[in-house]
Amino acid sequence: MSNAREKKRAKKMRNQPASVTLSSDCGPCPSGIQHHNGGSRSFQTPKQDLHPDSSQEFQQQRHQHQSPGPSYRKEQYFSKGQGRGRGGWRGGRQNVSQEMPKYITASTFAQARAAEINAMLKAVTQKSSNSLVFQTLPRHMRRRAMSHNIKRLPRRLREIARKEAEKAVHQKKEHSKNKCRKARRRHVNLVVEFNRRQKKNIWLETHIWHAKRFHMVKKWGYCLGDRPTTKSYRACYRAMTKHCLLQDLSYYCCLELNGKEEELLKVLARMCSIDTGPTFAAVPCLSGRLQGSLVLYRADRYPEDLLGPITFIWKPKDGSGITSETRQLWIWTHPSLKQDILTELKTVFQCSEPVETCSPEPIVTLLQEEKQTDVAMIVGKKRKREDNEGEKAVPVKKIIGDGTRVPLESYCWTSQTTGVVISDLTMEILRYRLIGPLSHCVLTEALKTASIQTEMADAETELNNWWVENCKNSEKVSLHQRQEAIFELLQGINSPSEIAAGTILGLTVGDPRVNLPKKSSKAMPNPEKYQDNEKVRQLLLEGVPVECAHSFIWDQTICKNVTENKIPEQDLNHMRGELLVPGSQLDLGPCESKIPILLVQQPGKVAGEDRPGWGSGWDIYLPKGWGMAFWIPFIYRGARVGGLQEGLKHSEYKRTPHIPNDFPDCPAGIQFAKELENVLLEKFKRRPPAKRANYVKLGTLAPFLCPWGQLTRDWEVRNKAQEESVVTSSADSKSGATERQVPCEPKPGLTIEDSQGDIMEEMAKIQNLCKEDGAATSSGFFVLRNRKLLKQLSARCRPTCGKGQRVRPASKLGQKEMTEDALLSIFKCYPRVLVWVSLSLLRKGSPELHAMICIPTQEDFLQLNKDQLFCGPQEPKHSDIFKHKILKLKERKKKKNNGNALESGASDALEAKAVEEPKELILGLWPDPLPDVTSHCSRILLGFVTQGDFSLAAGCGEALGFVNLTGLLHMLSSQPTDKKGLVLLRTPASLQYRFARLNIEV
Amino acid sequence: RAALRCRYLLCEIVSEDPRCRQCIDERAVGAAAKDAVARTHGDYGLACCSISFTVKYLNAYTGIVLLRCRKDFYRLLWSALPFVTYLENRNQRYSCFFNTLHVGGTIRTCQKFLVQYNRKQLLLLLHNCTSEGKQLLHSYILKGALLHMDFVLCCMMHVFHFS
């Protein structure tokens, strides 16, 4: 700080003259000769004027003043009668013997004064303060607009002010104003500008709408709305629970697989496991009736090497029951996972070569598109008109392409051996998500199914030709009518959660812009109309039939047609203006576009007991180009729009893992965690050290990044130590140990033989796996996603008596007791596993990101029993052992710096750097090699929270996180039965532990 | 709170002995001035003058010294300055006296005065020069274009040489 002050002072004093002294040992030599040689050497710094012959010159100079030469002149000069002593340098006369050129004295005399004049002039005329010129003026001399108009300044300051105004800081705005506003806002120029701006990060179709209302972030190659600028945290939650929240998920990536069903299933089975839930081959999904979701792994690598969670849709079969026909499969992934999944798919299907012959059209269209936009960029309006002359309306002026892909790179791959075609349909299909109980009301009000049309509107255009052809087929017409009927029925149901999870409904709708209401209103269900309808009940019972899942959106040529033949907004408004009765319904007749869409029900909260079906909704898939046409009508029906933050909160309240936050074992999750750490660290460093939390003192080892690897490793070490101390027999062969332990354990409940057998199988499998893993890689950790094991664990986490008790079959209890030791022994040999858990706080407190999940001690339970209002224990304050070191380093650095300034030795600076580099200590943070994370604090660490907040849905603090499996089992085995599953939570910046209940929801 | 006002005394050290210039440094000048104050005004005067007393600027070649003193007591210092008769440095003592040129309220005014004063001195120096370079020089000095020191000195040497 003092350094900064010194600098400031130095800046202020830079024009002020320094004192000039004449010291005897290093003589300055202000002789005229020297100044001739030295050119512009300053008089003010005579100390540096060390010449090799300075001593000689100094001698000269000393004699100069004794020289008699100028004496008479001096007399003349002094005789002018100034009040000055006459005999100023009269003493010099006596030394006549010195032969010195007489003129030098006078010149020295003059020169000394001239130099002083110079210095003083500099000090007087030049501004030394940091303020602007007009700021230095006294108040009464200031005038309005002085900073703009230099003529308002006093004349003596104008020159300086002019120089100041010329500085670059004031001219920042000038660059963009090369065109007038009118020119800039002209449509063509605007499009060119927009295309330039989305080169790096692709915009969604609703970008401009979002950019006006949202805080935008650049993520995963897209510009996405993070959160609304309005105050709407609670309003969004209310929309989620009571009405409808709309989200633009068009940034999700769609990968299309085309091939024979058996081929696809055979290969895809390698990438997922039946343990984690239904796979691609699940019957309802395979028929195309339901959307499926699963977790992909690298081929044959389960349970390690997670790729990420996906959802998938099979295109329903075309009626005929042949199984070996080519099927279409859409895999929807998060953009951060896409590259990994795509490359893995390509290697698994051996699709290496991007052959263009297999599907030439999409590539050609892409190229055309790019060509068009390129032309638009270069030439502008006129050329574009020429291009589009033939077609009446080509709305695609933006690059609607992919943000995660390099342009011109092919996006279609085929495999020679199997004939499977993988194509990347990113940004080809838009996806909006409507969350909330009234989302289907919004849908039914906003969308009207397309009318049957048998005649072309205009013979020349391609508009709706596919639809006309379709309508000629009576079978398809009847299918359309059935779809329409089901869609109408949706209005009668209360909530989307009543329909089976993942239900797919294909639809063809008319242009939603046509029936846009004049005023926005809230869509409400109309219960009278559909209250006791048989059909609604039937729909709820049976779900949507398979045929109705069919949609034309699967056909790329139709999608392209629909995109290209969209009536522009401008034309539509023009037609509206020409209506005879202003404001009446616009009837386009046969010209109205028909858009194929897909509605997919999104399941809400399925796990856990409270709030079933919370947060369910509909996803709507649209062909590209129609984004805003559907967006605005939804909003006019009262849907509130949320961004990424709202999506995060939705998944948090729903207690589902969020992509990619909650997948720490997949590459995207690791990447995300790293980025988050950097962001948090930067934020932390921006605060002054005295004003930020000292995490060393708080005992928080890793406030910004969850060290999963170290956590699992530490628990492994811990476990081994315990094992060695307690059990010595079951060390060598683990499978043997389990087999031995199971029979010697008395079985209280023999009723569940078969299920137990199942579990044993499971264990054996996992043991095999872990043996292999132990041989191959022992470094990684992974997240347990085996449903059976998770169910076991979940049952064990619940307290067996107390208010949370539920009616449970006795056999289950028996099973639980029985498997206790067996489970323990399994997981002992498989130590590097994390379990995803949800936590809800018992009383106060709202957990934060990276809060620590710890094991409570016996005393904590005693206190909790004694005192009902006991919030939780306190962590004793730790001592900051690094503070001293940091101070020392700082001092050393300072000294080094000072030394450098004096000596200006380059080697010294290098040395200093070499000292500082390896140990970069930040006050308040642990340096990199962390100590044992589990036992650092007074309570043993179990895991970390990855999402945590006060849950508006539950009314208490809730958190989602991961715990180490070994630790969890260790904790459960030692806890009393009525306190099972109680843990302590501590936020990174606090010493207070809070009780929370741990749940594993499957 | 209003800022504490100061007075700046711009003085010239006049000495017969040119070696005196060696001992013109801040410490010596300050000591000499304080000594004189102590002699003339006693302990009280010394204490009054010592408040924020500093030598702000000095130039050994021209003998210019700028002293700072509180406004309330600058008269004490001013009246004591004529009693400085010598400067002592490194056990060498040279007789000299202080000639107060200007008393100013800010350093800036003193600097401005000093510019004028020096300019006048140079003009006086040139007063008797009778050569072709004189007028040129004159104009240069008046314009304050003394930044071209080399040129000016060249002219001056020329003038002195031939006169």
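The listed protein sequences derive, respectively, from chains A and B. Numbering of the first sequence is given in the working numbering, commencing with residue 7 and proceeding in unit increments. Numbering of the second sequence is given in the working numbering, commencing with residue 3 and proceeding in unit increments. Don't be surprised by glycine CBs; every beta carbon is placed ideally from N, CA and C.
Asked                                                                                                                                                                : Found
Any C-beta of chain A sitting closer than 9 Å to the C-beta of N26 (chain B)?                                                                                        : Reading off the sequence shown, one finds Ile at residue 26 (chain B), where the question assumed Asn. Interface residue, yes.
Which of the three DSSP states, helix, strand or coil, is assigned to M222 (chain A)?                                                                                : strand
Report all residues from its chain with a CB closer than 8 Å to the CB of L302 (chain A); omit the five preceding and five following residues, and keep chain order. : M277, C278, L312, L313, G314, P315, I316, I347, E350
Report yes or no: is there a C-beta of chain B within less than 9 Å of the C-beta of F115 (chain A)?                                                                 : yes
Is the CB of E12 (chain A) under 9 Å away from at least one CB in chain B?                                                                                           : no
My guess is that G878 (chain A) and R838 (chain A) are in contact by the Cβ rule of under 8 Å, so how many angstroms apart are they, rounded?                        : So it is not a contact: roughly 29 Å between Cβ atoms.
By DSSP's criteria, N101 (chain B) is part of a beta bridge. Which residues make up the other side?                                                                  : B:E14
Does the stretch 54 to 61 of chain B come within contact of the stretch 95 to 105 of chain B, defined as at least 3 CB pairs closer than 8 Å?                        : no
With 9 Å as the threshold, decide whether the Cβ of V57 (chain B) is near any Cβ in chain A.                                                                         : yes
Checking contacts by CB at 9 Å: is L127 (chain A) closer than that to chain B?                                                                                       : yes
To the nearest angstrom, how far is the alpha carbon of E575 (chain A) from that of R190 (chain A)?                                                                  : 21 Å
Can you confirm whether E122 (chain A), when its beta carbon is compared against all beta carbons of chain B, has any partner nearer than 9 Å?                       : yes
Pop quiz: L545 (chain A) and L495 (chain A) are said to be a contact at Cβ under 8 Å. What is the actual Cβ separation, rounded to whole angstroms?                  : 5 Å
Within its chain, find whatever has a CB closer than 7 Å to the CB of P882 (chain A); leave out the 5 residues flanking it on each side and keep chain order.        : S944
Assuming L252 (chain A) and V520 (chain A) are in contact, meaning their beta carbons sit under 8 Å apart, how far apart are those beta carbons, in whole angstroms? : Contact flag wrong, Cβ pair sits at about 20 Å.
Any residues in the stretch 68 to 92 of chain B with a beta carbon nearer than 7 Å to a beta carbon of chain A? Which ones, in chain order?                          : none
Where N567 (chain A) and D577 (chain A) are concerned, what is the direct C-alpha to C-alpha distance, given to the nearest angstrom?                                : 18 Å
Name, in chain order, the residues that DSSP records as bridge partners for M858 (chain A).                                                                          : A:F950, A:R992
Could you have a look at N61 (chain B) and say whether DSSP puts it in helix, strand or coil?                                                                        : strand
Using a 10 Å radius around the Cβ and a threshold of 16 neighbouring Cβ atoms, would you call P588 (chain A) buried or exposed?                                      : exposed
With DSSP collapsed to three states, give me the class of K600 (chain A).                                                                                            : strand
Mind checking whether I861 (chain A) and L947 (chain A) have CB atoms under 9 Å apart?                                                                               : yes
Would V117 (chain B) pass as an interface residue toward chain A - the criterion being a Cβ-Cβ separation below 9 Å?                                                 : yes
Since V130 (chain A) meets chain B, which of its residues come closer than 8 Å, beta carbon to beta carbon?                                                          : R110, Q113, K114, V117
Considering only the beta carbon of each residue, do K454 (chain A) and Y642 (chain A) sit closer than 9 Å?                                                          : no
Beta-carbon separation of H340 (chain A) and I626 (chain A) under 9 Å?                                                                                               : no
In chain order, which alpha helix (DSSP H) runs of at least 4 residues are fully inside the stretch 606 to 688 of chain A?                                           : 633 to 642, 650 to 660
For R488 (chain A), which option in A:R437, A:H556, A:P502, A:A167 has the closest C-alpha, if you only look at C-alpha atoms?                                       : A:H556
By DSSP, does F115 (chain B) sit in helix, in strand, or in coil?                                                                                                    : helix
Name the DSSP bridge partner or partners of L975 (chain A)?                                                                                                          : In the DSSP output, where bridge partners are listed per residue, L975 (chain A) has none listed.
Excluding five sequence neighbours on each side, which residues of the same chain lie with their C-beta closer than 6 Å to the C-beta of C260 (chain A)?             : W336, W338, L431, I435
For a test of the three-state rule: what should DSSP assign to S761 (chain A), helix, strand or coil?                                                                : Reliability fails at S761 (chain A), whose pLDDT of 43 lies under 50, so the model's placement of it is uncertain and the value that follows must be treated cautiously. Correct three-state label for S761 (chain A): helix.
Along chain A, which residues have their Cβ under 7 Å away from the Cβ of L124 (chain B)?                                                                            : A116, R119, A120
Exposed or buried, what is P518 (chain A) when buried is set at 16 or more other beta-carbons lying within 10 Å of its beta-carbon?                                  : buried
Would you mind reading off the limits of the alpha helix (DSSP H) that contains V1008 (chain A)?                                                                     : Run containing V1008 (chain A): none; DSSP gives neither H nor E here.
For P23 (chain A), go through chain B and note every residue whose CB falls closer than 9 Å to its CB, in chain order.                                               : Y59, N61, Q113
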